[in-house]
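**Student:** 230 is the number that full-length UniProt numbering gives to position 230 of the sequence shown; each next residue is one higher, with no gaps.
Let me begin by handing over the structure; questions about it come next.
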Amino acid sequence: MDDYEKEGRMSPRDDIPDLTGLDGEGSVQVHENENLDVGGAKVFSVYGKGGIGKSTTSSNLSAAFSLLGKRVLQIGCDPKHDSTFTLTGRLQETVIDILKSVNFHPEELRPEDFVTEGFNGVMCVEAGGPPAGTGCGGYVVGQTVKLLRQHHMLEDTDVVVFDVLGDVVCGGFAAPLQHADRALIVTANDFDSIYAMNRIIAAVQAKSVNYKVRLAGCIANRSRETNEVDRYCEAANFKRIAHMPDLDSIRRSRLKKRTLFEMDDAEDVVQARAEYIRLAETLLRSVDEPGLTPEPLTDRHIFELLGFD
Numbered sequence: 001m002d003d004y005e006k007e008g009r010m011s012p013r014d015d016i017p018d019l020t021g022l023d024g025e026g027s028v029q030v031h032e033n034e035n036l037d038v039g040g041a042k043v044f045s046v047y048g049k050g051g052i053g054k055s056t057t058s059s060n061l062s063a064a065f066s067l068l069g070k071r072v073l074q075i076g077c078d079p080k081h082d083s084t085f086t087l088t089g090r091l092q093e094t095v096i097d098i099l100k101s102v103n104f105h106p107e108e109l110r111p112e113d114f115v116t117e118g119f120n121g122v123m124c125v126e127a128g129g130p131p132a133g134t135g136c137g138g139y140v141v142g143q144t145v146k147l148l149r150q151h152h153m154l155e156d157t158d159v160v161v162f163d164v165l166g167d168v169v170c171g172g173f174a175a176p177l178q179h180a181d182r183a184l185i186v187t188a189n190d191f192d193s194i195y196a197m198n199r200i201i202a203a204v205q206a207k208s209v210n211y212k213v214r215l216a217g218c219i220a221n222r223s224r225e226t227n228e229v230d231r232y233c234e235a236a237n238f239k240r241i242a243h244m245p246d247l248d249s250i251r252r253s254r255l256k257k258r259t260l261f262e263m264d265d266a267e268d269v270v271q272a273r274a275e276y277i278r279l280a281e282t283l284l285r286s287v288d289e290p291g292l293t294p295e296p297l298t299d300r301h302i303f304e305l306l307g308f309d
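Here you go:
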């Protein structure tokens, strides 16, 4: 018995909640209804630092899956709702806004109210997000999956791609991991992008304790070189599975609201398309493989590895 117990006083630690959650030490993450699984489709969640090119990567990857003969559904999980506009050529309304317009009575909706068919038959959905400073992104993801299931939109789908905003800083951002088979991370060959990747790896590893999600690897994007990414991967026991150079044609495709597969056949475009097809094939195989189990580095280790000369 310590002095606090002897004196009948509360220990300074007694009012600290136990935050040891199902998804790892300190977890207070959102848990989706377990009955809302996506079904038989292979599910991939795309993460990475904000502005790193996740939507461009996701859309071209969805296009590549479709050209391999897969029935593809892409779900954008960002209030900007611009994940799918290179596939559809326009900005879609978000699921959360559409549900709000019918007072959250999903039975009043038809699939065409919230799903748009894009390039080569890719089905496109924009989940959206709560108003700034309110709500939780995890709720929005859950409502979107629930709506898709209610309208039987997942039954004829082979591949689902979740395009998730920014870094994983709370359980809402991590919610798509509860549906995913594999998570892949888009990074660049710089410190900030790799630091964000390290945090995402930690989030996926936490989720993998109780969910099927595993890491597939990372994509070096908008980068002439990959030396810093490769140094990190070697230190963390991770793997780079693709490299998308810093090509002006990729930027032009987004400005034109098109995927790379709809651009003129310039040499760099053809090479980038081939890399996306190869990546899609790699990811499809990865679901039948054990998945990667990297060890995220401490902040000090990352700074020592990449932050100083």
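All residues carry an ideal CB built from backbone N, CA and C; glycine is no exception.
Threshold first: 3 residues or longer. Then list the beta strand (DSSP E) segments lying entirely within the region 239-282, N to C.
**Tutor:** Note on the region 239-282: whole beta strand (DSSP E) runs with a minimum of 3 residues are 240-244, in chain order.
**Student:** When you compare only the Cα positions, how much space is there between Leu91 and Phe173?
**Tutor:** 22 Å
**Student:** Roughly how many angstroms lie between the CA atoms of Arg258 and Tyr276, to the nearest whole one?
**Tutor:** 15 Å
**Student:** On the premise that Val186 lies in contact with Gly48, defined as a C-beta separation below 8 Å, what is that separation, rounded to the nearest angstrom?
**Tutor:** 4 Å
**Student:** What is the rounded straight-line gap between the Cα of Ala274 and the Cα of Val102?
**Tutor:** 43 Å
**Student:** DSSP on Asp190, reduced to helix/strand/coil?
**Tutor:** Three-state result, Asp190: coil.
**Student:** Spatial neighbours of Gly118 within its chain, please: CB distance less than 7 Å, with the 5 preceding and 5 following residues excluded, ordered by chain position.
**Tutor:** Thr84, Leu87, Thr88, Cys124
**Student:** Would you grab the beta carbon distance between Arg254 and Ala216 for me? Rounded to a whole angstrom, and I think it's under 8 Å.
**Tutor:** Between Ala216 and Arg254 the Cβ distance is about 24 Å, and since that is not below 8 Å, they are no contact.
**Student:** Between the region 50-70 and the region 98-117, are three or more C-beta pairs nearer than 8 Å?
**Tutor:** No: the two stretches stay apart, fewer than three of their Cβ pairs being nearer than 8 Å.
**Student:** How far does the beta strand (DSSP E) with Ile52 in it reach, from first residue to last?
**Tutor:** No beta strand (DSSP E) contains Ile52, which DSSP labels as neither H nor E.
**Student:** Tell me the DSSP bridge mates of Thr86?
**Tutor:** Thr86 pairs with nothing; no bridge assigned.
**Student:** Under 8 Å Cβ to Cβ from Ala41, same chain only, skipping five residues before and after it: list those, please.
**Tutor:** Leu73, Leu154, Thr157, Asp158, Val159, Val160
**Student:** In this structure, does DSSP put Ala127 in helix, strand or coil?
**Tutor:** In the structure shown, Ala127 falls within a coil segment according to DSSP collapsed to helix, strand and coil.
**Student:** Would you list the residues sitting across from Arg214 in a DSSP beta bridge?
**Tutor:** DSSP lists Arg182 as partners of Arg214.
**Student:** Taking only the alpha-carbon atoms, compute the straight-line gap between Ala266 and Pro245 and give it to the nearest angstrom.
**Tutor:** 15 Å
**Student:** From the DSSP output, which residues share a beta bridge with Arg195?
**Tutor:** The question names Arg, yet the displayed sequence has Tyr at residue 195. DSSP, once it has assigned bridges, lists no residue as partnering Tyr195.
**Student:** Answer yes if the region 183-203 comes into contact with the region 294-304, meaning at least three C-beta pairs across the two stretches below 8 Å, and no otherwise.
**Tutor:** yes
**Student:** Leaving out five residues before and five after Glu262 in sequence, what residues of the same chain have Cβ atoms less than 7 Å from its Cβ?
**Tutor:** Within the same chain, Glu262 has close Cβ partners Phe119.
**Student:** By Cβ distance, which residues of its chain are closer than 8 Å to Val164, with the 5 residues on each side in sequence left out?
**Tutor:** Excluding sequence neighbours, Val164 sits near Ser45, Val46, Tyr47, Lys54, Cys77, Asp78, Phe173, Pro176.
**Student:** Enumerate in chain order the residues of its own chain whose CB-to-CB distance from His31 is below 6 Å, with the five nearest sequence positions on each side excluded.
**Tutor:** Its pLDDT being 47, under 50, His31 is placed unreliably by the model, and nothing is read from it.
**Student:** Give the straight-line distance between the Cα atoms of Ala272 and Arg278, rounded to the nearest whole angstrom.
**Tutor:** 10 Å
**Student:** Is the beta carbon of Val115 sitting closer than 7 Å to the one on Ala127?
**Tutor:** no
**Student:** Please state the DSSP three-state secondary structure of Cys77.
**Tutor:** Look at Cys77 here: in three-state DSSP terms it is strand.
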